[in-house]
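Under the working numbering, residues 121 to 540 are what the sequence shown spells out, in order. Glycine residues also receive a C-beta, built at the ideal position from the N, C-alpha and C atoms. Worksheet for the structure shown next.
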Amino acid sequence: FEFAVKMRQFMADATLDHVLAQVRPDQIDRLAGDIATFHHNAAGAERETSFGTPELIAEVIAEVFEQIYSDGRFSEHARSLEQLRHWLSGFCTAHARDFEKRKVSGFIRECHGDLHLANLALLDDRIVAFDGIEFSERLRWIDVINDVAFTVMDFQARGQPAAARRFLNRYLEFTGDYEGLGLLPFYEVYRALVRVKVAALAFAQIRGPRISSHADDFIRYLSAAQSLTEAQAPWLVIMHGVTGTGKSTVSEALLEQTGAVRLRSDVERKRLFGLSPSDRSSGEIKDAVYGSETTRKTYDRLQALARQLLLFGYPVIVDATFLKRQHRDAFKKLAASFNVPFVILDMQAKAAARRERIAARAVASEDVSEADLSVLEQQERDQEPLAPDERVSTLRLHSGDPFDLAEAVGMLESTREEGK
């Protein structure tokens, strides 16, 4: 047999680094899903290979610095580069077991390898990846979170942190790979330095008006690398309210503004049954998804994931109904164990609005939640209202009203100050 490859030509200005302002949230969501599917189907590295090992990772990073230093015109940034080298080296040593665990767990796969925004194009209303690495196996057989880190970093470096956060959270919802977040900062810094290297090499080879853009890229990505070494201030927010009150809408706005990682009960419920966020359940499985035993297991998983993320140093939003006092208390206790701020976002909506929202999403196949009117009615009967002592750390929001993000963040900060 003879195989043929059909190539498609597109304009150079169709890449995301040129059309970033035109990209819609739903296109970012689809991109995250496409990459998650690609990673799921990609071949895994054999354990006896060196791919994904701390030694190979350190070797690749050393080569990046060597190539940056090959052009002495950026010597004024030598101190910053050395600080980054030291940070990466320390991280690699401290997390050697984590890198090894990722390989044993099957996360080293045959990836794209070069998922920055100039290798993503907006074609026919969809973001498509192209120009994956073929010339180097060690740059292609990598941790999937390393692959994703390039996209996340580049969104941030180009002034689109909300897009970066949305993309990352959507990817995590599809894959459930929250464990990979422990290594994400390392890979983001590495990826930023790859772009520093590319800019330095281009600066050395190109003359004329384009040279200034490469100098700008050098500074942009160097600054991005430096900022990515800075630890976030963790906190824990739980949503509260029956289905249809707008919890997911508000929590999404909050994660895009703050960089928090969101854990969604609707997603984790489905994961317990081997379903992806976009899958629809039916028959006995649909009944079981919102059953009491599944609810118990879902909150247990949400708590375990929240603990892991707080341990990594991430701010966390848990998007669930939290209608039972025991569940709210468990997460309040978790926040206290890490000495981080804890806030309840209490979502309220009129009965008619709740029912309209549920009816609307029943016909919207892309909605993760499958809670119907029968689930709502059960929740309304069984809910345990917030007690006076809980309201001290509660911010009430009414669906449809403007969401004052500053008020929510201010409450988190005041809680942090009180805990000092």
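Length of the line joining the Cα atoms of residue i and residue j
| i | j | result |
| --- | --- | --- |
| threonine 378 | leucine 288 | 13 Å |
| tyrosine 419 | glutamine 187 | 48 Å |
| alanine 312 | alanine 528 | 31 Å |
| glutamate 308 | glutamine 325 | 26 Å |
| arginine 475 | arginine 391 | 26 Å |
| glutamate 446 | valine 268 | In the sequence as presented, glutamate is not what sits at residue 446; that position holds glutamine. So the alpha carbons of these two residues sit roughly 36 Å apart. |
| serine 170 | glutamate 404 | 45 Å |
| valine 314 | valine 184 | 6 Å |
| threonine 271 | valine 318 | 16 Å |
| serine 195 | aspartate 337 | 16 Å |
| glutamate 504 | arginine 199 | 57 Å |
| alanine 141 | glutamate 257 | 34 Å |
| aspartate 509 | serine 534 | 17 Å |
| lysine 470 | asparagine 161 | 44 Å |
| alanine 118 | valine 139 | Given a span of 121 to 540 for the chain in the structure shown, any question on residue 118 remains unanswerable. |
| valine 438 | arginine 427 | 11 Å |
| serine 402 | alanine 456 | 39 Å |
| isoleucine 339 | tyrosine 189 | 15 Å |
Contact under 9 Å by Cβ, residue i with residue j
| i | j | result |
| --- | --- | --- |
| glutamine 346 | leucine 237 | no |
| leucine 356 | valine 436 | yes |
| glutamate 254 | alanine 165 | no |
| alanine 249 | isoleucine 177 | no |
| tyrosine 310 | isoleucine 181 | yes |
| phenylalanine 306 | histidine 215 | yes |
| proline 354 | glycine 252 | no |
| aspartate 191 | leucine 321 | yes |
| alanine 283 | alanine 344 | no |
| alanine 463 | threonine 514 | Here residue 463 turns out to be valine, not alanine, going by the sequence shown. Yes. |
| glutamate 168 | serine 225 | no |
| isoleucine 265 | leucine 304 | yes |
| arginine 286 | aspartate 137 | no |
| phenylalanine 227 | glycine 172 | yes |
| glycine 366 | leucine 525 | no |
| leucine 348 | methionine 273 | yes |
| glutamate 388 | leucine 431 | no |
| glycine 153 | serine 489 | no |
Integer Cβ distance of residue i from residue j, believed to fall under 8 Å
| i | j | result |
| --- | --- | --- |
| leucine 235 | threonine 135 | Contact flag wrong, Cβ pair sits at about 12 Å. |
| serine 519 | glutamine 468 | 7 Å |
| leucine 443 | aspartate 407 | Actually they do not touch by this definition, with Cβ atoms about 19 Å apart. |
| leucine 454 | valine 381 | The pair is not a contact, with the Cβ atoms about 15 Å apart (cut-off 8 Å). |
| leucine 383 | leucine 425 | 5 Å |
| phenylalanine 219 | proline 174 | 5 Å |
| isoleucine 358 | phenylalanine 458 | Not really, about 14 Å apart at Cβ, beyond 8 Å. |
| isoleucine 247 | glutamine 352 | About 27 Å; that fails the 8 Å criterion. |
Residue nearest to residue i in terms of C-alpha spacing, selected from the options
| i | options | result |
| --- | --- | --- |
| glycine 361 | Ser209, Pro508, Leu465 and Arg217 | Leu465 |
| alanine 335 | Glu497, Ala132 and His197 | His197 |
| threonine 369 | Trp261, Ala277, Asp487 and Leu425 | Asp487 |
| serine 333 | Val316, Glu179 and Asp386 | Val316 |
| alanine 159 | Lys452, Arg260 and Arg199 | One detail in the question is off: residue 159 reads as histidine in this sequence, not alanine. The option with the nearest alpha carbon to histidine 159 is Arg260. |
| aspartate 245 | Asp267, Asp407 and Leu151 | Leu151 |
| alanine 480 | Tyr189, Gly364, Pro461 and Val512 | Gly364 |
| tyrosine 341 | Gln352, Ala141 and Phe275 | Phe275 |
| alanine 491 | Val460, Ala380 and Ala440 | Ala440 |
| aspartate 263 | Gly302, Glu293, Arg421 and Asp133 | Gly302 |
| glutamate 85 | Leu242, Arg199, Phe211 and Ala141 | A query on residue 85 cannot be resolved here, the shown segment of the chain reaching from 121 to 540 and no further. |
| valine 143 | Glu510, Asp509 and Leu243 | Leu243 |
| glycine 411 | Thr157, Ala507 and Val495 | Val495 |
| alanine 484 | Ile339, Asp521, Arg217 and Arg400 | Arg400 |
| alanine 482 | Ala473, Leu493 and Ala472 | Leu493 |
Buried or exposed (CB count within 10 angstroms, at least 16 for buried), residue i
| i | result |
| --- | --- |
| arginine 477 | buried |
| aspartate 386 | buried |
| phenylalanine 323 | buried |
| threonine 213 | exposed |
| glutamine 280 | buried |
| glutamate 372 | buried |
| glutamate 376 | buried |
| glutamate 413 | exposed |
| phenylalanine 393 | exposed |
| valine 409 | buried |
| proline 461 | buried |
| glycine 530 | exposed |
| glycine 233 | buried |
| valine 512 | exposed |
| lysine 223 | buried |
| glutamate 293 | buried |
Min CB distance residue i to chain B below 9 Å
| i | result |
| --- | --- |
| phenylalanine 250 | In the structure shown, chain B cannot be found, because there is only a single protein chain. |
Check: residue i C-beta below 8 Å from any heavy atom of the ligand MN
| i | result |
| --- | --- |
| arginine 448 | Although the ligand MN was asked about, the structure shown includes no ligands whatsoever. |
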